[in-house]
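Chemist:
2 protein chains.
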Amino acid sequence: MSKMHAAAPLTPLFISVFRLNGALIAAGDRLVADLDLTSARWQVLGVVANVPAPLSVASIARTIGLTRQGVRGVTAELVASGLVEFKPNPHHRRAQLVVLTDKGREVEHAARRRQIPWATALGKGLKPRHIEEAAMLLQTVLARLERHSDTQKDEL
Amino acid sequence: MSKMHAAAPLTPLFISVFRLNGALIAAGDRLVADLDLTSARWQVLGVVANVPAPLSVASIARTIGLTRQGVRGVTAELVASGLVEFKPNPHHRRAQLVVLTDKGREVEHAARRRQIPWATALGKGLKPRHIEEAAMLLQTVLARLERHSDTQKDEL
DNA sequence: TACAGTATGACAATATATTGTCAATTGGTA
DNA sequence: TACCAATTGACAATATATTGTCATACTGTA
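So the protein lines, in turn, are chains D and S. With positions in the first sequence counted from 1, the corresponding number in the working numbering is that position plus 299. With positions in the second sequence counted from 1, the corresponding number in the working numbering is that position plus 299.
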């Protein structure tokens, strides 16, 4: 007889995702602030540094699930800071490729050297299998969301 | 002898959190767009609607893990849209309480009626126990992050 | 009471990210 | 070739969220 509507099981998980997203961005900002980086810039820099072959701005955007425009702005900042630069793309005159500068390589290494022990400490005592299972669950939901949005809109 | 640095087990989970956060906000925006809501406004409206006793803007911010200022702006929009209003707070002249209007109650109900089947469909086939375990893991990491940031800064 | 510390809302500046629009580029096809 | 659809980067407008600063309001304590 209750008028309460039972929330879907995923709802508390989603709330945790929102909060964790904000907390991670804030923690990342603090972690690399003195390297002239932010979480947003670090994320793009990390893709450029770790991808097997150079990507265009639009490709980077697809890789990290942001829009072209957002990545475009961050990349422009990274160019202004001398961390990445554009290289002509022999297959597409318009879509130049983003590559690391020497300075960008150094900064990315410095950020990664901090990130690894930081994230390791954060996961201390958590079973790797549980972490993997949680990540897989999020991936499953993400795939469903993105598949469904594909049927509604062209651009991510 | 490899120069590769093993990433922490949490790293892939964090990447999923970033992407899922963005996808959920986009999906929420679409879900309630015609109600004159967005994900941000919906989140604040949901707190106001489901809390046992009215809260101030600052209390709402603590509840959802955003800053006072962000919630302040969203709340002002909700007031402008006639979904919530301020009520004098007998215990604090400055910190007025945010309460639903009749229209706000209707809109929040309409949003919830859509959200529940949407989230249920999204979780179809996933075991509730797995979802709960994932949510608990995120909560654990979140608690560690927020505890650590407390030692560094006053305000969330 | 008086005062110090804290909480709160207002305001401004900035960072992040999306949406919409446009022209240039590319690839496929009639 | 000529045309059409999709991709891409540029630009503008807007939404979201943080940080910093300030005056006001409350709380506890001397």
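Just so it is clear, CB atoms sit at the ideal spot from N, CA and C, and this is done for glycine as well.
Going by the CB atoms, is the gap between S380(S) and L437(D) shorter than 8 Å?
Modeler: It is not a contact, given that the beta carbons lie outside the stated cut-off.
Chemist: Who are the neighbours of R318(S) on chain D, taking C-beta pairs under 7 Å?
Modeler: Neighbours of R318(S) on chain D, chain order: G364, L441.
Chemist: Taking G321(D) as the query, report the chain S residues whose CB atoms sit under 8 Å from its CB, ordered along the chain.
Modeler: Per Cβ cutoff of 8 Å: G364, L365.
Chemist: K426(D) to N388(S), Cα distance in whole Å?
Modeler: If you take the alpha carbons of K426(D) and N388(S), they lie about 47 Å apart.
Chemist: Can you tell me which residues form a DSSP beta bridge with E384(D)?
Modeler: In DSSP, E384(D) forms a bridge with V398(D).
Chemist: When you compare the CB of G372(D) with every CB in chain S, is at least one pair closer than 8 Å?
Modeler: Cβ-Cβ to chain S under 8 Å: no for G372(D).
Chemist: Please list the terminal residues of the continuous alpha helix (DSSP H) segment that includes L377(D).
Modeler: First-last of the alpha helix (DSSP H) with L377(D): 367–379.
Chemist: If I'm right that L441(D) touches A322(S) with Cβ under 8 Å, what's the distance once you round it to whole angstroms?
Modeler: Rounded, the Cβ-Cβ distance is 6 Å, consistent with contact.
Chemist: Got a sec? Which residues, its chain only, sit under 7 Å from L334(D) by beta carbon, not counting five neighbours each side?
Modeler: Here the set comprises V406, A409, A410.
Chemist: Helix or strand or just coil, what does DSSP make of L437(D)?
Modeler: L437(D) falls in the helix class under three-state DSSP.
Chemist: Helix or strand or just coil, what does DSSP make of L336(S)?
Modeler: In this structure, L336(S) counts as coil in the three-state DSSP scheme.
Chemist: Count the other CB atoms, across all protein chains shown, that sit within 10 Å of the CB of Q368(D); report buried if there are 16 or more and exposed otherwise.
Modeler: Flag for Q368(D) reads exposed.
Chemist: Can you have a look at G403(D) and say buried or exposed, based on whether 16 or more other CB atoms are within 10 angstroms of its CB?
Modeler: Per the 10 Å Cβ criterion, buried.
Chemist: So with CB distances below 8 Å, who are the chain S contacts of S315(D)?
Modeler: What S315(D) touches in chain S: A434, L437, Q438, L441.
Chemist: Using only the alpha-carbon positions, how far apart do R318(D) and P351(D) sit?
Modeler: Roughly 32 Å separates the two Cα atoms.
Chemist: Taking Cβ positions only, does A418(S) come closer than 8 Å to chain D?
Modeler: So yes, A418(S) belongs to the interface.
Chemist: Looking at chain D, is there any beta carbon in it that lies within less than 8 Å of the beta carbon of H429(S)?
Modeler: Cβ-Cβ to chain D under 8 Å: yes for H429(S).
Chemist: At the 8 Å Cβ level, is A326(D) part of the contact set with chain S, yes or no?
Modeler: Yes, A326(D) counts as interfacial toward chain S.
Chemist: Give the DSSP-derived three-state secondary structure of L425(S) in the structure shown.
Modeler: It is coil, neither helix nor strand.
Chemist: Hey, G422(D) and P311(S) are a contact pair by Cβ (cut 8 Å); roughly how many whole angstroms apart?
Modeler: Between P311(S) and G422(D) the Cβ distance is about 11 Å, and since that is not below 8 Å, they are no contact.
Chemist: Would you decide whether R340(D) is buried or exposed? Buried here means 16 or more other CB atoms lie within 10 Å of its CB.
Modeler: R340(D) is buried by the Cβ-count criterion.
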